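Notes to accompany the following structure.
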Ligand code: URA
Ligand code: URA
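Residue numbers (this note's numbering): 2 to 267.
Written as structure tokens, this is what we have:
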């Protein structure tokens with residue numbers, strides 16, 4: 002083996018290890034050309050020792066406005082945030098029972114973010130949000146809207162699977178909120194779709210039901226939010242008759258985005 006072959010072999014092994022490491026940290030999207038910049042991240046999670054017991058923990062102010070970050074810098078900061086999430090132990094029960102944390106799927110800078118509740122069994126096993134039965138239905142909703150799955154940003158209120166897929170407790174959503182807030186700031190979607198009651202309640206900090214929230218736009222830090230039913234709620238054994246409502250909500254979104262409304266095939 003000559004020296005060039007040897008070097009290439011070493012480099013490709015190092016690259017592979019790096020990519021596996023990134024994947025393990027929840028990064029499964031990389032920019033096409035630009036190399037990943039190294040960005041110093043500010044840890045946003047205070048340790049429990051440094052927090053008064055009843056404190057809802059606040060985000061540490063960033064030295065630089067997120068609006069000024071390039072896409073590559075956002076990606077690197079999201080990557081750092083995913084690593085923090087991976088090490089999070091704030092919810093004693095969830096961090097014991099999870100296989101892994103589930104951070105997001107999709108690129109920063111995506112025009113639309115779809116926000117779910119928490120990972121289920123399939124997501125806990127794969128590390129990717131919305132890959133199980135509800136995920137398959139979400140994929141069909143995206144396709145019906147004319148979105149490619151890889152052009153939207155998908156994440157959840159809570160990053161760990163609650164045992165037995167129960168709805169996350171208010172405490173668990175609160176523990177994860179700083180991650181969500183930071184994640185949305187960095188991913189910077191222009192529109193958010195809150196899927197189901199958990200997403201709507203926690204994102205908008207409201208107690209109103211989906212029925213009361215549907216059909217109009219809400220506001221999250223200047224970002225228009227559509228609230229609609231969770232895809233799991235539309236599954237055949239639940240309420241498939243609500244699919245028409247979800248389609249109406251999606252049409253409202255597409256119209257505001259100035260996108261064509263595809264003719265629904267079924
Ligand atoms: N349900 C959710 O809310 N999120 C997922 O990632 C999967 C199912
Ligand atoms: N309640 C929820 O929490 N989500 C739905 O999608 C419907 C009812």
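We put the CB at the ideal spot given by N, CA and C, even for glycine. Since this is a predicted model, take the numbers as computed values, not measurements.
Distances from the alpha-carbon of residue 158 to those of 253, 81, 90 and 169 put 169 closest. Sorted by position in the chain, 103, 117, 118, 119, 120, 121, 124, 130, 131, 133, 135, 136, 157, 196, 197, 231 and 233 make up the residues whose C-beta lies under 7 Å from a heavy atom of ligand 1. Residue 195 and residue 128 have their alpha carbons spaced roughly 21 Å apart.
If only complete runs of 4 or more residues are kept, the segment 183 to 233 shows the alpha helix (DSSP H) at 197 to 205 and 211 to 214, in order along the chain. In the three-state reduction of the DSSP assignment, residue 89 falls in the coil class, being assigned neither a helical nor a strand state. Short of 8 Å from the beta carbon of residue 160, and not among the five residues preceding or following it, lie these beta carbons of its own chain, in chain order: 86, 89, 102, 103, 104, 119, 120, 177 and 180.
When Cβ pairs closer than 8 Å are counted between the two stretches, the segment 124 to 139 is seen not to touch the segment 205 to 212, the count staying below three. For residue 114, the secondary structure class from DSSP, reduced to helix, strand or coil, is strand. With distances taken between CA atoms, residue 199 lies nearest to 116 out of 98, 116 and 262. Excluding residues up to 5 positions away in sequence, 112 lie with their Cβ nearer than 6 Å to the Cβ of residue 191 in the same chain.
Taken through DSSP and simplified to helix, strand or coil, residue 142 comes out as helix.
Per DSSP, reduced to three states, the secondary structure at residue 161 is coil, with no helix or strand assignment. The segment 221 to 236 makes contact with the segment 251 to 259; the number of CB pairs closer than 8 Å reaches 3 or more.
Beta-bridge analysis with DSSP links residue 156 to 116.
Here the alpha carbon of residue 216 sits roughly 17 Å from the alpha carbon of residue 232.
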